[in-house]
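I have placed the structure first, in the form of structure tokens, so that the comments after it can refer back to it.
Numbering (the numbering used here), first residue to last: 107 to 236.
What follows is the structure in structure tokens.
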């Protein structure tokens, strides 16, 4: 029973992030207007989703290592330090994905503001010339 609780705990830690990223990916894919901002947002969310899945796989691998360890603590310590370095690299990739999403949001907002300003300028010139 203890082993089952450990597996459920690993999945429970990952599920909220995976659900959130899946919903964000679906929203971007179905509701955002096609263009560079959407593409950049999809790239960022996709990178974050891949990193989250790889993090889940690393957690599962780490749990398997712990379960199969007999007494070689030096090699386990070495493997865990390597896994920690891999997790740091994954966090950096996830941060890059988040920055891509924010950049896409900023560029889409900037484009919308320019469009509104241009529409207001054109409308005011039409009204003043009539």
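Backbone N, C-alpha and C define an ideal beta-carbon position, used for all residues, glycine too.
Here the structure is a predicted model, which is why all the values come from computation and not from measurement.
Distance between residue j and residue i (C-alpha atoms, nearest Å)
i, j, result
"residue 197", "residue 227", "45 Å"
"residue 222", "residue 212", "15 Å"
"residue 141", "residue 214", "9 Å"
"residue 124", "residue 207", "16 Å"
"residue 194", "residue 156", "15 Å"
Three-state secondary structure (DSSP) of residue i
i, result
"residue 130", "helix"
"residue 140", "coil"
"residue 115", "helix"
"residue 175", "coil"
Own chain residues within Cβ distance below 7 Å of residue i, not counting five before or after
i, result
"residue 204", "150 and 154"
"residue 209", "146"
"residue 219", "none"
Own chain, CB closer than 8 Å to residue i, minus 5 neighbours either side, in chain order
i, result
"residue 152", "131 and 203"
Beta-carbon spacing of residue i, residue j below 8 Å
i, j, result
"residue 144", "residue 133", "no"
"residue 112", "residue 169", "yes"
"residue 158", "residue 189", "no"
"residue 116", "residue 166", "yes"
Own chain, CB closer than 6 Å to residue i, minus 5 neighbours either side, in chain order
i, result
"residue 148", "134"
Validate contact between the segment 160-168 and the segment 117-137 using beta carbons, cut 8 Å, 3 pairs: yes
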